[in-house]
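Protein chains in written order, with the working numbering: chain A, 493 to 589; chain B, 35 to 913. Working notes, structure below.
Below is the structure:
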């Protein structure tokens, strides 16, 4: 979901970019091995939620840029919704709402 | 799913791309660190630390594609090949056993497929459909009169074209003409079917307008090859048919003989409009009332925007309109539109459907028993590898992994068996057709096609599940520790596989018993059928058909021919009676009608035109009244003789003599009953006689002669043929059989079924015997040490023998009990095919059980004797 969110914000990104975005957004609270991003990307590609395209970076390096597919956007909305339901429920239980 | 496959297929490139991406990531991260002031080396190291284990992550990413499963499967298959190569004998036994099952199943599939489902070999569009008349709610071959066809053709909009075909025997050639089956077809016939001429042209609608106007003929491919040596110059030549000159205009494409491609193969075709020229003595096309006139079959090509359902609806409406039109014809009860599939006509398919259902199940029995045998072999083999499995489980292989590997071996075996089986299937199909003695176009039927291949593959996969999965599951259900601790191995073996093997033996015994009993029931039904009293005495009867209707004789010439033939035949040595008729019993032909009395009662009946001596010649007893006089026959006085059951239905409790009876043919006058005869069977021996109405035979209509002789009727036949030749060498002798031969032929389908069931039953029995033998032999070898100990403790050879045989006998009894239950169910389901039989026909069931007991005893005695004759010391030292 984090990857999808990152892509939603920035349209297209390569792997390193996604890692950076997630780290910045979470202000380094979520700290995982950066490499585990790649199996996750393969899973998303396989499910058809993101698509990848090779092009050049600013420094003229070949890199694969990922973008959200319509199916992926749909999935993201679904996940956000269910996430909001869950967090909303937790908040109500904790009496914060 | 597709995307996964795509990922797998492009996995080489994808792996390189992934590597590139990861490398880029590391470089970028290192660059960030360097910007923060770290040294190059240190930055790269920290980047790697932060990234994690690159190799492992790479593996994980690749695994996402499902690559592991594929690599494993390939490895399993390679492994399986190596294992099987090490024991080629065992692999061969399993492959051959399975091949029998797969071959039998595939052969039966091709046959049933060809008969019921396969599109015709010359039809690639699938838009052809039958228009079939209904008679009393069921599909009828004879209920589309030609004028109705014309109405359908002209009014229906659902069709791109609607064609008609009829068929008849034709005398082709001048001297000693050949009798060939020919199609009589509408002018658009070939065009509607989408058939192009091989040479020359086919008919056009213009050939089928003026009656007698276009004496043209299209040759069948085989006739063209046989008589004209495939010469293109045949086109334009003359061909004499029924004494009339025709011109050859073309040759039909190879492989086409009939719309229903597995039935009567036509050798030539003439236009409908030539029918009256060809058959001057028969009813004309537009005079459809006579029951003797064979109706046309109607076949059409659906219009582009139409469908079967739309065509059906439209045809019903048109047909209802025809009924109220009041034209004199048989009562027409609507039509149905059915898509053209399979080599049989729809009405044949409806009749034979249940029989094909039975035939489809039988090879599955064989397949299952074969699978059980294969499973037995595998179980024995797996058992010997139990230590290996336990070891592998102990060092971390999952059970699923082991099962997959064993299944890979089964897979290789099954594929081998499918190849052998599929190769053998056409031979088996040929055998079935040969046993069936039915005129089937073999080329159309046996061309190996994708459907047969698919069938073989599906069967093989099913076989893997039956024979591979269960043993693999049983073999891998191992307790690791006890097996690994066992020093010398063996002992009694684990219980799971042993129980499975016993279950398989029970199933084999049960299935082969069921098959044997059913084959036995059919055999008994056949012999009972042959003992049926047909009502007349078939002994000493010879039948000769001489169709003068195929010649351009006048009525007087035909009557003269019949009279001279009868006179000469009665002069033969030993001949006691001769008679003529238009049709005789048990020849496969019947003219049926509905009889009505004046009081409104009705009865179904066959119509027969018979000469006065018919009843004495067939020895069909006269119950009351008298037979026709010669004068009545000559002038066709409206009198009739009726069979007892029809008389009973029409005039219950009254004297039938002097009563008046009508057929449903409005052109026929009411007839006065002058005699009552015993019922006789007409089409099949085992039918319930429908009743028969006999008219006096006008001498010109004589088509079949019956001759009763004290001599061997086969000898009489030869003399009768000579008489026909002497009278006119051009006359085609359409049939020459003894009545016994006719009876034989009338049961040929039944006999074929018995032969088929018998062969398959025997195969199953042999497989089951091998199975029992194998299980016992393996059991003995596993128990060698036990036997040794028993003998050391004083058991005699006979005791050992009893010990081992007893267990098998117990298993066989269980199997026999289940088998008897199965056959009872089977017999109940099939009771409509079994003639004159209570479904529980004790003797057959008992006999089957007895045979299986014997087989089981012998199959277990042989290995048991080996155990009993073991050398004591060797047995104890075993392993």
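Where a beta carbon is used, it is the ideal one built from N, C-alpha and C, also for glycine. As the structure is a computational prediction, the values presented were derived from the model and not from experiment.
Taking 9 Å as the CB-CB limit, is residue i close to chain B?
i	result
residue 575 of chain A	no
residue 559 of chain A	no
residue 548 of chain A	no
residue 563 of chain A	no
residue 553 of chain A	yes
residue 511 of chain A	yes
residue 571 of chain A	no
residue 496 of chain A	no
residue 533 of chain A	yes
Should residue i be flagged as near chain A, meaning a C-beta pair shorter than 9 Å?
i	result
residue 61 of chain B	yes
residue 556 of chain B	no
List the residues of chain A that residue i touches, going by C-beta distances under 8 Å, in chain order.
i	result
residue 70 of chain B	Going along chain A, no residue has its Cβ under 8 Å from residue 70 of chain B, so there is no contact; the nearest lies around 14 Å.
residue 86 of chain B	525, 526, 527, 528
Note down, in chain order, every chain B residue with its Cβ under 9 Å from the Cβ of residue i.
i	result
residue 530 of chain A	52, 55, 56, 59, 91, 92, 94, 95
Taking residue i as the reference, which of the options has the closest Cα?
i	options	result
residue 384 of chain B	B:678, B:174, B:783	B:174
residue 595 of chain B	B:639, B:761, B:216	B:761
residue 447 of chain B	B:59, B:418, B:411	B:411
residue 376 of chain B	B:417, B:390, B:368	B:390
residue 785 of chain B	B:824, B:705, B:555	B:555
residue 460 of chain B	B:136, B:656, B:681	B:136
residue 664 of chain B	B:679, B:678, B:644	B:644
residue 150 of chain B	B:229, B:394, B:511, B:273	B:394
residue 799 of chain B	B:97, B:450, B:96, B:883	B:883
residue 294 of chain B	B:503, B:263, B:655, B:381	B:381
residue 305 of chain B	B:234, B:222, B:351, B:759	B:222
residue 855 of chain B	B:866, B:876, B:835	B:876
residue 648 of chain B	B:589, B:688, B:727, B:59	B:727
residue 618 of chain B	B:686, B:769, B:661, B:564	B:769
For residue i, which beta-bridge partners are listed by DSSP?
i	result
residue 725 of chain B	Its beta-bridge partners do not exist; DSSP assigns none.
residue 739 of chain B	B:578, B:614
residue 280 of chain B	B:273
residue 173 of chain B	B:168
residue 609 of chain B	B:743
residue 213 of chain B	B:205
residue 636 of chain B	B:630
residue 545 of chain A	A:557
residue 759 of chain B	In DSSP, residue 759 of chain B forms no bridge with anything.
Take residue i and list the residues in its own chain whose beta-carbon comes closer than 8 Å to its own, dropping the five residues that flank it on each side.
i	result
residue 491 of chain B	452
residue 691 of chain B	658, 659, 707, 708, 709, 710
residue 830 of chain B	none
residue 111 of chain B	442, 445, 446
residue 44 of chain B	none
So which residues of chain A does residue i contact, with C-beta pairs closer than 7 Å?
i	result
residue 41 of chain B	538
Just the chain B side, please: which residues come within less than 7 Å of residue i by C-beta, in chain order?
i	result
residue 556 of chain A	51, 55
residue 507 of chain A	55, 59
Quick one: residues in its chain with C-beta nearer than 7 Å to the C-beta of residue i, no 5 flanking neighbours on either side, listed in chain order?
i	result
residue 597 of chain B	733
residue 84 of chain B	63
residue 650 of chain B	611
Using a Cβ-Cβ cut-off of 6 Å (strictly less than) and excluding sequence neighbours within five positions of residue i, which residues of its own chain qualify?
i	result
residue 348 of chain B	190, 192
residue 885 of chain B	none
Which residues in chain B have a C-beta closer than 8 Å to the C-beta of residue i? List them in chain order.
i	result
residue 516 of chain A	By Cβ distance, chain B contributes nothing, its closest Cβ being about 12 Å from residue 516 of chain A, past 8 Å.
If we define contact as Cβ-Cβ less than 9 Å, is residue i a contact residue for chain D?
i	result
residue 463 of chain B	Going by chain labels, chain D is absent from the structure shown, which instead holds the protein chains A and B.
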